[in-house]
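A short write-up of the structure that comes next.
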Amino acid sequence: MSLAIILSRAQEGVAAPQVMVEVHLSGGLPGTHIVGLPEAAVREARDRVRVAIQSTAFEYPSRKVTVNLAPAELPKDGGRFDLAIALGILAAGGQVPRERLDACEFLGELALSGELRGVPGVLPALLRARARGRSIVVPRANASEAALVAGANVRVAGHLSEVCSWLRGGDDLPAPTPAIGVDDAPPLPDLADVRGQTKARRALEIAAVGGHHLLLVGPPGTGKTMLAERLPGILPPLGESEALESCAVRSVAGQRVDPGLWRRRPFRAPHHTASAVALVGGGSQPRPGEISLAHHGVLFLDELPEFSRHVLEVLREPLESGRIVISRAARQATFPAQFQLVAAMNPCPCGYAGDGQRTCRCTPDQIQRYRARISGPLLDRIDLVVDVPRVPLGELAAAPSEDSATVRARVLKARQHGLIRAGRANAEINPRELERDCALGAAERRWLEAALERLGLSARAYHRVLRVARSIADLDGGAPLLDRTHLAEALQYRRF
1 MSLAIILSRA QEGVAAPQVM VEVHLSGGLP GTHIVGLPEA AVREARDRVR
51 VAIQSTAFEY PSRKVTVNLA PAELPKDGGR FDLAIALGIL AAGGQVPRER
101 LDACEFLGEL ALSGELRGVP GVLPALLRAR ARGRSIVVPR ANASEAALVA
151 GANVRVAGHL SEVCSWLRGG DDLPAPTPAI GVDDAPPLPD LADVRGQTKA
201 RRALEIAAVG GHHLLLVGPP GTGKTMLAER LPGILPPLGE SEALESCAVR
251 SVAGQRVDPG LWRRRPFRAP HHTASAVALV GGGSQPRPGE ISLAHHGVLF
301 LDELPEFSRH VLEVLREPLE SGRIVISRAA RQATFPAQFQ LVAAMNPCPC
351 GYAGDGQRTC RCTPDQIQRY RARISGPLLD RIDLVVDVPR VPLGELAAAP
401 SEDSATVRAR VLKARQHGLI RAGRANAEIN PRELERDCAL GAAERRWLEA
451 ALERLGLSAR AYHRVLRVAR SIADLDGGAP LLDRTHLAEA LQYRRF
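For the sequence shown, the UniProt record's numbering assigns the number 1 to the initial residue and increments by one for each residue that follows.
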C-alpha cells in the first residue's frame, strides 16, 4: 500500500489541533507536493526531508510524492511537521513498519543531516496527546519541557535514524528525565529588605490574598519597584494545572521553560516603550504578548503614565475577561491573560508633589495632564491605589520587618477562606457569588451606598470595593459578614 497516515499537531494559540499527515506515492514524474494550506516553512520541508532521508541511508522514492496536511482549512507553519512527513514517506514506501504509527504522534524539525531540532509549542501538544491517550515523540531539545507533563507517554529522539530504529523494533526511545522541583531554584526577593512602608506592605498583602490589581504612587526612590518585585514571593504557589497553562504560553512564544522555575508565578516587567502588540500579542502569525506571558502571575508596569495611552487602553478588556483574542485575516488565536496587574507611577511629572523634602516644580495643569494619561475606565479596574511616601532615614537603619515567609503564611491562610467559598480568588468571583460571599448588614449597606455616592464611584467600583473588603475580612479571620471597618479600609484605597 502506497498510502501512509502519520499524526502530528499544529499550533493555534495555546491549542494544539491534531493534523493528519497523509503521504501517497504514485506514478508519474518524480517530485514532492505538499498541500493543505502550508505556509512557506512547511512547503520548504520537501527539500529538508528529502536530504535528511538520504543522509540517514534510506532511499527517497523516485515517484510522485503527495503530502496532504489535514484538515486543509487549518493554517500550518514552521518545521514541526518534518519528522511526520519523513516517516510518512518511509512508511508509504515500505522502509519502516506501520505497527507503532497509529498510536503515536510525531513532532520535530529535521536538519539536513537527519538530526532532530526542537520546535516551539511542544507543551500544548503534549497535553493534548496525553488527553487522547497517545504516545508522542519529540526532539531531545524539547526534553526538559516534555518532562513537565506527568503521566504523558513521551519519547525523545535526537536523530531520524533513532526513530526509524525504534519503529523497526530496535532500541527503545528514552523518556525525558523528570524535572527538578521549585525548591531547587534560587530564592525570590524578600519583603524583609523593605524598610517602613507599613501601609504599602498592607496593601500588597491584601492584593496577594484576593488577587487584586494594585497601583503604587510615590516620589522616586521610595521603594515602589522593590515592593512590586516581592509580590510573587508572598503569593500562593501555582498548582500543577496552572503551572502547565503558564508554561504552555511560554512554549508557544518560543521561550525556554526552566524546569527549576516552572511552578513559580511569572513576573513580567515590560519597558514603557513597549508597543501594543508587544503587550497584548499579535503579528501575522499570532504570538502571545506580555499579558499572556504573565498568565497566573504578575504584570508590573513601572512609570505607568509614560506608557502610550493606546497601549494602556488595550489592557481594559483582558483585565475583565482574563483572555485576549487576536484576529487576523487568515486566522484567529485566543491566548489566556489572567494576570495580576501591579503598576507604579510618580504623583507628578517631576515626581515630588506632596513630598515633604523636595519642592514640586509642576503647575496644577501639568499635574492634571500627567495623571490624565491614565484613563478613568482603566483606573476603575484597579482595586487598590496606595501612596508610597519617602521613608524617614531613621527607619532605613531599623531592624528588618516581617519576611516574605511570614506574610505568605498569612496570605495562604486567608486565601483558603475564598477557595472554600468559591474555589477561586476574591478578585475573580462573579456577581452572584459576590452577593453570597460579601453579605452586608442593613446599616453597613446604607453606609456604603452613601459613601459611594459622595465619591461618585461606578457600579464596577462598588463590586471591586466589596471584593477588596472580602479579602480584608479573610485576613481578619474570614468573618461571614463584612463590617464597617472592612469597608472603610477598602474605600480608602480608591484614591482616583
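All C-beta atoms, glycine included, are put in the ideal place defined by N, C-alpha and C.
Distance cut-off 6 Å: residue i Cβ against heavy atoms of the ligand NAD
i	result
Gly441	The ligand NAD is not part of this structure, which contains no ligands at all.
Beta bridge counterpart(s) of residue i as assigned by DSSP
i	result
Leu440	Leu482
Lys413	According to DSSP, which records beta bridges pairwise, Lys413 is partnered with nothing at all.
Gly282	Arg287
Leu69	Val21
Gln332	Ser327
Val156	Val138
Pro259	Answer is none; Pro259 lacks a bridge partner.
Phe300	Val342
Glu12	Ala15
Leu7	Met20, Glu105
Val194	Answer by DSSP bridge pairing: none, since Val194 is not bridged.
Endpoints, the alpha helix (DSSP H) within which residue i is located
i	result
Pro139	Taken as a continuous stretch (DSSP letters only), Pro139 belongs to no alpha helix (DSSP H), being part of the beta strand (DSSP E) at 135–139.
Ala92	82–92
Cys164	160–167
Thr225	224–229
Pro124	122–132
Ala203	198–210
Cys350	Where Cys350 is concerned, there is no enclosing alpha helix (DSSP H), given that its DSSP letter is neither H nor E.
Ala243	240–252
Ile53	45–55
Ala469	459–475
Ala274	Taken as a continuous stretch (DSSP letters only), Ala274 belongs to no alpha helix (DSSP H), as it is neither H nor E.
Glu99	First-last for Glu99: undefined, no H or E at that position.
Terminal residues of the beta strand (DSSP E) in which residue i lies
i	result
Ile374	First-last for Ile374: undefined, no H or E at that position.
Thr359	Premise fails: Thr359 is in no beta strand (DSSP E) and is neither H nor E.
Gln340	340–345
Leu215	214–217
Among the options, nearest to residue i - alpha-carbon criterion
i	options	result
Arg328	Ala91, Leu126, Leu167, Arg287	Arg287
Gly151	Ala141, Pro176, Gly169	Pro176
Ala57	Ser165, Glu12, Arg323, Gln285	Ser165
Gln366	Gln357, Pro347, Gly376, Gly356	Pro347
Glu290	Ser284, Ala274, Asp302	Ala274
Ala353	Arg446, Leu160, Gly218	Gly218
Ser26	Leu227, Tyr60, Val65	Val65
Glu313	Asp380, Gly356, Arg63	Asp380
Val465	His212, Glu109, Asp47, Leu244	His212
Arg130	Arg9, Ala200, Pro38	Arg9
Arg410	Leu107, Ile53, Asp476, Glu162	Asp476
Gln11	Ala45, Pro178, Phe81, Ser55	Phe81
Ala442	Ala192, Leu482, Arg415	Leu482
Ala276	Leu107, Pro318, Ile206, Leu216	Pro318
Gly94	Asp302, Val23, Ile374	Val23
Pro71	Val35, Ser144, Ala397, Val257	Val35
Ala91	Val163, Thr406, Pro75	Val163
DSSP three-state assignment for residue i, whether helix, strand or coil
i	result
Gly30	Per the sequence shown, the amino acid found at residue 30 is Pro instead of Gly. In this structure, Pro30 counts as coil in the three-state DSSP scheme.
Glu402	coil
Val182	For Val182, the pLDDT reaches just 46, beneath the cut-off of 50, and the residue's location in the model is therefore unreliable, although a value from the coordinates is still provided. Three-state result, Val182: helix.
Asp387	strand
Leu74	coil
Leu434	helix
Glu59	coil
Glu115	strand
Pro392	coil
Val314	coil
Pro305	helix
Arg408	helix
Pro38	strand
Arg268	strand
Leu110	strand
C-beta atoms of residue i and residue j nearer than 7 Å
i	j	result
Gly88	Ala4	yes
Ala337	Ile326	no
residue 497	Ile429	The displayed coordinates of the chain run from 1 to 496. Any statement about residue 497 would go beyond what the structure contains.
Pro232	Leu299	no
Arg134	Glu99	no
Pro266	Gly239	no
Ala103	Ile6	no
Leu491	Ala451	yes
Ala52	Gly108	no
Pro349	Tyr370	yes
Pro305	Arg373	yes
Leu487	Leu457	no
Leu384	Ala203	yes
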